[in-house]
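Numbering-wise (our numbering), the sequence shown opens with residue 7 and increments by one. All C-beta atoms, glycine included, are put in the ideal place defined by N, C-alpha and C.
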Amino acid sequence: MTAIAFPAPDAKVLARRDAIVAGLRAILPAEAVIDSEDERRAFETDALTAYRRMPLAVVLPSSTAEVAAVLAYLSREGVRIVPRGAGTSLAGGAIPQEDAVVVGLSKMNRILDVNLPDRTMRVEAGVTNLAITAAVSHEGFFYAPDPSSQLACTIAGNIAMNSGGAHCLKYGVTTNNILGVTLVLLDGTVVEVGGDALDAPGYDLLGLVCGSEGQLGIVTEATVRILKQAEGARPVLFGFATSEEAGAAVAAIIGAGIVPVAMEFMDKPAIEICEAFAKAGYPLDVEALLIIEVEGSDAEMDAALARIVEIARRHGVKTVKESKSAMETAAIWKGRKSAFGATGRIADYICMDGTIPTGQLPFVLRRIDEIVKGHGLRVANVFHAGDGNLHPLILYNCNDPLEAERAEQAGNDILKLCVEVGGCLTGEHGVGIEKRDLMRHQFNEADLAQQMRVRAVFDPAWLLNPAKVFPLDGRIAA
Numbered sequence: 007m008t009a010i011a012f013p014a015p016d017a018k019v020l021a022r023r024d025a026i027v028a029g030l031r032a033i034l035p036a037e038a039v040i041d042s043e044d045e046r047r048a049f050e051t052d053a054l055t056a057y058r059r060m061p062l063a064v065v066l067p068s069s070t071a072e073v074a075a076v077l078a079y080l081s082r083e084g085v086r087i088v089p090r091g092a093g094t095s096l097a098g099g100a101i102p103q104e105d106a107v108v109v110g111l112s113k114m115n116r117i118l119d120v121n122l123p124d125r126t127m128r129v130e131a132g133v134t135n136l137a138i139t140a141a142v143s144h145e146g147f148f149y150a151p152d153p154s155s156q157l158a159c160t161i162a163g164n165i166a167m168n169s170g171g172a173h174c175l176k177y178g179v180t181t182n183n184i185l186g187v188t189l190v191l192l193d194g195t196v197v198e199v200g201g202d203a204l205d206a207p208g209y210d211l212l213g214l215v216c217g218s219e220g221q222l223g224i225v226t227e228a229t230v231r232i233l234k235q236a237e238g239a240r241p242v243l244f245g246f247a248t249s250e251e252a253g254a255a256v257a258a259i260i261g262a263g264i265v266p267v268a269m270e271f272m273d274k275p276a277i278e279i280c281e282a283f284a285k286a287g288y289p290l291d292v293e294a295l296l297i298i299e300v301e302g303s304d305a306e307m308d309a310a311l312a313r314i315v316e317i318a319r320r321h322g323v324k325t326v327k328e329s330k331s332a333m334e335t336a337a338i339w340k341g342r343k344s345a346f347g348a349t350g351r352i353a354d355y356i357c358m359d360g361t362i363p364t365g366q367l368p369f370v371l372r373r374i375d376e377i378v379k380g381h382g383l384r385v386a387n388v389f390h391a392g393d394g395n396l397h398p399l400i401l402y403n404c405n406d407p408l409e410a411e412r413a414e415q416a417g418n419d420i421l422k423l424c425v426e427v428g429g430c431l432t433g434e435h436g437v438g439i440e441k442r443d444l445m446r447h448q449f450n451e452a453d454l455a456q457q458m459r460v461r462a463v464f465d466p467a468w469l470l471n472p473a474k475v476f477p478l479d480g481r482i483a484a
């Protein structure tokens, strides 16, 4: 793919590469500075692997103080900076430029404090999402946001993109589950945003930082909320004859005021792909599948499921299969959380990330199918149905440039559709480079100008995570 443009690298910075690397080596231990071509290649892309750029250098600091020293030095030198967590961004949020230094947080992976009475944890930004829950699960607690990449993705990237996951319907996304962060600004200043309480005084700068995609500073530590695990949880599989019926059932369940802990959708291609991989017991004789999980006491779960089943039957449900054991529950969720990886076994794909009002699901699902078929391609739909966060997987052959171009255009058309029905370009993957050039479809020039002015307050030279989020011709100085 070549449709997404990158700005030309700064020739003056490239000419000073050796001196810049030497300056980094004066700040950090030798093993924390990566400058050989072979080693830098591991950082040239993220999970949006269709695009690659070799960074100027890579640094792997081990503390907030080291991050601050690196940012202070690079900002004085006028060198662009690309923050990186685990590199799982599906929107190209961590793809570097040739004149940029990647600041990776993978060494900052310590859990600093566990406060069970106040239900908080303090972690470094390189801690993986799943490691937070693992640290407290033996005490009956968990961390709610659960992206499908939770085994690998870090809290740094989760905060940058405001990640969600299957259980966000009930518990919210990252911004609903963090209380405070340590943020290193471009000049190396270290500030504390938020705190240990549910509502910190002053402006809600934490809400500004969460979802800012590494453009305001680098988060090095975070205080997160941990929650008590429910008494019980029970996923149920609902199979439908059509995607439209499944979408209508989702809208009806939400419209009835029922809030399951999770409500996930798969169409037939996704069902077949995930079942072949996980052997989860998904029904193969249906066109659409809902995984609906409820939690609480047995009586609470029985009551909620009775209402959900009644609504599903009004919308033509063909199959209702309730998990009967912890093993079945694990298999059901293994299939769903493995969807992206399982799809990669059979085809190259682009994973989209638009959000729509749930009432528009039947119409949008039909239009997605029409859009992708109109480009001569196939699509597998798997997404968080309860909050309308769509993840169509557009299947294509990456070795065919024309097919890759059609896949990208189909994705753009789907995202435009999301906006046109009252939704937005992204739910949890961020904008990155993938949706940058669609921002004018979502926002007018005044809207974009105001957002860019906020960014420029923190980064007047536009050195932090350059060429992301905003159209390349839209830069506004402070």
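- Would you report the Cα separation of Ala53 and Leu431, rounded to the nearest angstrom? 18 Å
- Within 10 angstroms of its Cβ, does Gln221 collect 16 or more other Cβ (buried), or is it exposed? buried
- Query: Starting from Arg351 and walking both ways along the beta strand (DSSP E), at which residues does that stretch end?
  - Reply: It is not in any beta strand (DSSP E) - Arg351 carries neither H nor E in the DSSP assignment.
- Query: alpha helix (DSSP H) containing Leu425: first to last residue?
  - Reply: Checking the sequence, you will find Val at residue 425 rather than Leu. From DSSP, the alpha helix (DSSP H) with Val425 extends over Pro407 to Glu426.
- When you compare each of Gln156, Thr126 and Asp124 to Gly132 by their alpha carbons, which one comes out closest? Gln156
- Message: Any contact between the segment 407–422 and the segment 439–459? By contact I mean 3 or more CB pairs, one from each, below 8 Å.
- Response: yes
- Message: Applying the 10 Å Cβ sphere with the 16-neighbour rule, what's the burial state of Gln103?
- Response: buried
- Just tell me which of Ile277, Ala268 and Lys327 has its CA closest to the CA of Glu299. Ala268
- Task: Please classify Met7: does DSSP put it in a helix, a strand, or coil?
- Result: Only weak support is given to the placement of Met7: the predicted model assigns it a pLDDT of 48, under 50, and the value that follows is read from those uncertain coordinates. Of the three classes helix, strand and coil, the one that applies to Met7 here is coil, per DSSP.
- Distance, Leu367 Cα to Thr181 Cα: 25 Å
- Query: Going straight from the alpha carbon of Leu34 to that of Lys18, what length do you get?
  - Reply: 24 Å
- Query: How is Ala63 classed by DSSP in three states: helix, strand or coil?
  - Reply: strand
- Cβ pair count under 8 Å reaching 3, the segment 189–207 against the segment 72–90: yes
- Would you mind listing the beta strand (DSSP E) stretches within the segment 126–214 that are 3+ residues and don't spill past its ends, in chain order? 126–130, 184–190 and 196–200
- Over what stretch of residues does the beta strand (DSSP E) that includes Gly110 continue unbroken? Ala106 to Gly110
- Item | heavy atom of the ligand PLP below 7 Å from Asn168 C-beta | This structure does not include the ligand PLP; it has no bound ligands of any sort.
- Assign Arg22 to one of three DSSP states: helix, strand, or coil. coil
- Task: Just the C-alpha distance for Cys357 and Glu414, rounded to the nearest angstrom, thanks.
- Result: 10 Å
- Going by alpha carbons, who is nearest to Asn183 out of Phe148, Tyr209, Val230 and Val475? Val230
- Rounded separation between Gly263 and Phe148 - CA only: 25 Å
- Query: To the nearest angstrom, how far is it from the Cα of Val107 to the Cα of Ile87?
  - Reply: 5 Å
- Per DSSP, which one or two residues make a beta bridge with Glu299? Pro241 and Ala268
- Query: Do you know how far the Cα of Ala282 is from the Cα of Gly217?
  - Reply: 35 Å
- Query: Cβ of Pro151 within 8 Å of Cβ of Val179?
  - Reply: yes
- Would you list the residues sitting across from Arg461 in a DSSP beta bridge? According to DSSP, Arg461 bridges with nothing at all.
- Outcome for Lys343 when other beta-carbon atoms lying within 10 angstroms are tallied against a minimum of 16: buried
- Asp210 vs Gly186 beta-carbon contact at 8 Å: no
- Message: Going by beta-carbon coordinates alone, are Glu440 and Gly98 separated by less than 8 Å?
- Response: yes
- Message: Out of Trp339, Asp308, Ala239 and Gly322, which one is the CA nearest neighbour of Tyr288?
- Response: Trp339
- Message: Please classify His381 as buried or exposed, where buried requires at least 16 neighbouring CB atoms within 10 angstroms.
- Response: buried
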